[in-house]
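Residue numbers (this note's numbering): 2 to 131.
Glycine residues also receive a C-beta, built at the ideal position from the N, C-alpha and C atoms.
Take a look at the structure below.
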């Protein structure tokens with residue numbers, strides 16, 4: 002009898018936790034994307050996040066980067082030439098299907114300054130049209 006009661010309590014507890022989200026870890030990639038202004042206002046470095054905006058200066062710069070703009074703020078978004086402080090190159094992101102003025106959502110990480118990166122540069126892991 003005690004075993005049945007204990008088993009019933011475990012099942013009910015698991016159901017409550019599953020329905021309320023208690024104990025779940027927030028995955029920023031599954032959450033809402035943020036504007037450039039929001040990301041720069043409260044920066045969280047080296048965490049995977051999503052940021053949305055408009056592509057500017059793609060193909061104009063002498064680097065594998067472009068400006069991402071939203072809410073009157075911009076950040077440098079890198080799709081290549083990304084090297085971490087341990088000299089490890091990060092994979093390039095294919096941007097062939099994107100143009101200036103495209104509305105996009107980037108998944109990646111805002112970087113703090115380091116050996117090969119300047120503060121508030123964004124390293125893209127993936128890109129998609131909004």
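For residue 37, the enclosing alpha helix (DSSP H) begins and ends at 37-42. One alpha carbon belongs to residue 69, the other to residue 109, and they sit about 13 Å apart. DSSP places residue 54 in the uninterrupted beta strand (DSSP E) bounded by 49-57. When DSSP assignments are scanned along the segment 73-107, the uninterrupted stretches of beta strand (DSSP E) that are 3 or more residues long and fall wholly within it turn out to be 74-79.
Check the Cα spacing between residue 79 and each of 71, 73, 58 and 44: the tightest is with 58. Per the C-alpha coordinates, the member of 125, 63 and 62 positioned closest to residue 92 is 125. It is roughly 26 Å from the alpha-carbon of residue 40 to the alpha-carbon of residue 89. Between residue 36 and residue 60, the CB-CB gap reaches or exceeds 8 Å. The beta carbon of residue 131 is closer than 7 Å to those of 53, 104, 105 and 106 in its chain, skipping five residues each way along the sequence. According to the DSSP assignment, residue 70 belongs to the beta strand (DSSP E) that extends over 66-71. Here residue 64 is exposed. Its C-beta has fewer than 16 other C-beta atoms within 10 Å. In this structure, the CA atom of residue 62 is about 25 Å from the CA atom of residue 44. Here the C-alpha atom of residue 74 lies approximately 12 Å from the C-alpha atom of residue 121.
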